[in-house]
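Below you'll find the structure, written out as structure tokens, and then a few comments.
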Amino acid sequence: MSQAINMDMDILKSMVSKLDELTKQNTFIDRRVRAKEFMLLLSIEKDKFYGLVDAGEIEQPIRLSKHDVFWYASYVKKKVEEHKSESVIVAHI
-18 MSQAINMDMD
-8 ILKSMVSKLD
2 ELTKQNTFID
12 RRVRAKEFML
22 LLSIEKDKFY
32 GLVDAGEIEQ
42 PIRLSKHDVF
52 WYASYVKKKV
62 EEHKSESVIV
72 AHI
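At position 27 of the sequence shown (counting the first as 1) the number is 8 in my numbering, and the numbers step up by one without a gap.
Below is the structure:
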């Protein structure tokens, strides 16, 4: 009987451990960034921003509807870091 209880406890501990693992994986939520905020973070004007989008230097936004258009914050962060490193190089020339 005690062997069965020990086995049940081991199974329960394993399940709790797996549940904790899954919970940690799903806690990251990548927020949505609209064009206006993206432009502000890059410190560029609308024409320059959409020129970069048209040229493929910034990927096309995700469009869920006519008014629901955005980029994920993780992508925006990456592009802002790239843009700032390019700006620093230009400033030193």
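Glycine included, every Cβ here is placed at the ideal spot set by N, Cα and C.
All values derive from a computational prediction rather than experimental measurement.
Going by C-alpha positions, Y56 is about 12 Å away from H64. Annotation: F51 is outside any alpha helix (DSSP H); the continuous beta strand (DSSP E) that includes it extends over V50 to Y53.
According to DSSP, V14 shares a beta bridge with W52. Counting only the Cα atoms, F51 lies some 5 Å from P42. Between the beta-carbon of L23 and that of V61 there is about 6 Å, and that keeps the pair under the 8 Å contact cut. Minimum Cα-Cα distance from A16 among the listed residues D(-11), E67, K29 and I(-8) corresponds to K29. Secondary structure note for K47: it is in no alpha helix (DSSP H), with a DSSP letter that is neither H nor E.
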